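Numbers in our numbering are just positions in the sequence shown, counted from 1, shifted up by 9.
All C-beta atoms in this analysis are idealised placements derived from N, C-alpha and C, irrespective of residue type, glycine included.
The model shown is predicted, which means the values in this text are computed figures rather than measured ones.
Have a look at the structure below before the remarks.
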Amino acid sequence: MMLQHVSAQPDLTPLPAPDRPAVARALAKNPAERFRTCVEFLHALIIAESAPVPTSPSSVLPSAGASRFPNLTQPAPNTYTPLNNPPPQHHSGQTHFGGADKTMPRPQSGSGAFPYPSAPPGSNHGQYTGDRTARVGVTPSLTIPALITPRKPPGLVTPGGPSAPASGTSGAPTPPMTTTPGPRARPQLIEPDPEILDLIALTPGAPKAGGSRWPLQLPRIWPVMPVAWLNGIGGHPFDHPPTGDLAQAITRAACPDGSIPPGSGEPVRFADGTWASLFPSRQISGVARVKLDVARERWGFEVTQPDPSTFLLRRAAQSGSGILSRWSGKKPAGLEIVIQLPTTGSLMGGVELTGRLYGTPSPEFAKEADLALPQMLSDIRKLLQNVEDRRRDIRLPASFPISLYPVHGDGTVLAPLPGKCRNVSFSGVCCVVSGPVDAAHVFVAFEGVPVAAGWAILTRLSRANPDSEGHLIAGRFRVDL
């Protein structure tokens, strides 16, 4: 089929009949006729699988601009459609499916089951009716639309017992239908749709034992969620949910002027005058000490080593004498560069360089130091960087306060862990938190970034190691979902 799609129209006859319209639209030659997203294609297949086979040629899939979700304002029918007789005649001018479902009758209103979804208003698509909502989530009062294939309505047939014929049928018994409870469904990872956002309502959850709200149960997992929901606080709207642009805005917040450096390891200047550089390396402490002698001789540094993975390079200045002065009779002042080597031994890790002033140097010295620090950091990076940086996105040093909300695959959210950001990029984050993270995914809330206030980004963890300040956590943003 893939080879046919290159040069001709694919043959869809081997596919099941209900799936052909959706697949044909996905393989359309004109890009404007295709589905906008994979989620939209998935929903079209779900609706096609759960729908009876249409008998009218006018029963087609919804257009690209049509709704992908059920009509939640249309009431459910009060009676079941007979299993053997044709459906009742409608005179509304709309085309209906000609055959009734042979396996599942339509549930009554208020039965608690999931009726079939309805087609978009104004289309000629066969009509479904029903109120399709599921009450699951943080609290019993949480209501959220269900976007899965409808379940068979319970209570229609006594398991193992005889089935009474439906009203108006010829008397043929309905095949017995048994139901067995299955495992709890995993939350779907989908993009929020504006058509259902107004229907989501949260109320404050009841505190658990000890006064804690956690663990919480989310009905769905989105790439970006309000922090209020993760804290079990209701009433927070889901207006204009951010997407991948939020990750870019957070990365740009790491630079005071919003500009990203052209290459990896390039020095970045922060608003307080501090310079920073971040690059990968396999450098070990003993070899780094020997290489730093070159920088010491060139720039006149005094090199000390507070701990095995940290070097401190200082250059003193005399007030009013410029950057070339080495001695001062007043309070110590000058510039310093802190080098933080990776704690992974011979394995590759990130080297962090931070250059700043200490004490109260003269304005002349501060001006000359601001010009010299980026060149100093570049020289030190050339000495210590011994591997090529092949990462797709540039990592920028950052010190935002953050909170991590561990989340499990079934939608359970644990209590947040406070932490501090180490570096950030368009695709991920590295941070230090107070304790271990018992989950493969977390929601990261950047409290220190105004543009991200109130939102948390779903992140898949790729590294979790003990650190001198706590636990070092690194992961990739899942804004692609």
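Between the CA atoms of residue j and residue i - distance to the nearest angstrom
i: Arg229; j: Ser477; result: 36 Å
i: Val422; j: Gln226; result: 6 Å
i: Ile482; j: Ser443; result: 10 Å
i: Ala473; j: Gly479; result: 10 Å
i: Val147; j: Gly241; result: At Val147 the pLDDT is 39, less than 50, meaning the model places this residue with poor confidence; the figure from the coordinates comes in the next sentence. Distance between the alpha carbons of Val147 and Gly241 is about 7 Å.
i: Asp302; j: Ser318; result: 16 Å
i: Glu42; j: Phe50; result: 12 Å
i: Ser408; j: Leu362; result: 14 Å
i: Leu255; j: Ala461; result: 7 Å
i: Asp4; j: Arg222; result: What is shown of the chain runs 10 to 490, which leaves residue 4 out entirely.
i: Gly364; j: Pro383; result: 8 Å
i: Val438; j: Leu21; result: 44 Å
i: Glu397; j: Ile346; result: 23 Å
i: Thr104; j: Pro459; result: Here Thr104 scores only 41 on pLDDT, less than 50, and its place in the model is too uncertain to base an answer on.
i: Leu470; j: Pro427; result: 16 Å
i: Gln292; j: Leu350; result: 7 Å
i: Asn395; j: Pro289; result: 8 Å
i: Pro25; j: Arg45; result: 23 Å
i: Ala280; j: Ala37; result: 51 Å
i: Ile205; j: Ala448; result: Bear in mind that a pLDDT of 39 at Ile205, under 50, signals an unreliable position, so the number given afterwards is only what the model happens to contain. Looking at the two C-alpha atoms, the distance is approximately 29 Å.
i: Gly484; j: Leu287; result: 17 Å
i: Ala297; j: Pro276; result: 20 Å
i: Pro410; j: Lys429; result: 5 Å
i: Val451; j: Ala465; result: 9 Å
i: Phe320; j: Arg404; result: 22 Å
i: Ser371; j: Pro232; result: 49 Å
i: Ala75; j: Ala53; result: With a pLDDT of 44 at Ala75, under the threshold of 50, the modelled position of this residue cannot be trusted, and the question is left open.
i: His100; j: Ile56; result: Per-residue confidence for His100 stands at a pLDDT of 48, beneath the threshold of 50, marking its modelled position as unreliable; the derived number appears in the next sentence. Cα to Cα, the separation comes out at about 24 Å.
i: Pro491; j: Val433; result: The structure shown does not extend to residue 491, since the chain is modelled only from 10 through 490, so no value can be given for it.
Assumed close pair residue i, residue j - CB separation to whole angstroms, cut-off 8 Å
i: Phe455; j: Thr260; result: No, Phe455 and Thr260 are not in contact; Cβ-Cβ is about 11 Å, not under 8 Å.
i: Trp284; j: Leu386; result: 6 Å
i: Glu58; j: Pro30; result: 12 Å between Cβ atoms; not a contact.
i: Val446; j: Arg431; result: Not really, about 15 Å apart at Cβ, beyond 8 Å.
i: Gly368; j: Pro341; result: 5 Å
Minimum C-alpha distance to residue i - residue among the options
i: Gln18; options: Ala57, Trp464, Arg34; result: Arg34
i: Pro475; options: Pro224, Thr352, Asn432, His417; result: Thr352
i: Val312; options: Val236, Val277, Ile389, Gly368; result: Ile389
i: Pro425; options: Arg431, Val416, Pro276; result: Val416
i: Pro235; options: Val453, Leu287, Arg222; result: Val453
i: Leu239; options: Lys376, Leu413, Gly343, Val360; result: Leu413
i: Leu344; options: Glu373, Pro406, Gly359; result: Glu373
i: Leu393; options: Trp464, Gly359, Ala262, Pro224; result: Gly359
i: Leu380; options: Cys47, Arg278, Lys340, Val48; result: Arg278
i: Asp419; options: Arg324, Ile403, Ala262, Pro224; result: Pro224
i: Gly463; options: Arg487, Phe486, Ala237; result: Ala237
i: Gly457; options: Ala378, Asn39, Ala263, Val233; result: Ala263
i: Ala304; options: Leu54, Leu322, Ser294; result: Leu322
i: Gly282; options: Gln257, Lys300, Ala378; result: Ala378
i: Gln314; options: Gln257, Ala325, Val299, Ala326; result: Val299
Residue range of the unbroken beta strand (DSSP E) whose run includes residue i
i: Ala454; result: 450-455
i: Pro235; result: 233-235
Span of the alpha helix (DSSP H), counted from its first residue to its last, around residue i
i: Lys340; result: Unbroken run through Lys340: none, as it is neither H nor E.
i: Phe374; result: 372-393
i: Lys429; result: Where Lys429 is concerned, there is no enclosing alpha helix (DSSP H), although the beta strand (DSSP E) it sits in stretches over 426-433.
i: Val32; result: 29-35
DSSP bridge partner residues for residue i (one or two, in chain order)
i: Phe409; result: Note: Phe409 sits in no beta bridge, so no partner.
i: Arg323; result: Glu311, Glu345
i: Pro40; result: Answer is none; Pro40 lacks a bridge partner.
i: Arg472; result: Ala483
i: Thr363; result: Ala285, Val347
i: Gly437; result: Arg485
i: Pro415; result: Val451
i: Thr421; result: Gln226
i: Gly20; result: It is Asp, not Gly, that sits at residue 20 in the sequence shown. In the DSSP output, where bridge partners are listed per residue, Asp20 has none listed.
i: Arg261; result: For Arg261, which the question treats as bridged, DSSP gives no partner whatsoever.
i: Trp464; result: Pro235
i: Asp316; result: Thr319
i: Val277; result: Ala285
i: Ser290; result: Gly358
heavy atom of the ligand NAP below 7 Å from residue i C-beta
i: Cys430; result: Summarising the ligand content, the structure contains no ligands, and the ligand NAP is consequently not present.
Interface flag, residue i vs chain C, CB-CB below 8 Å
i: Ala280; result: The displayed structure is made up of one protein chain only, and chain C is not part of it.
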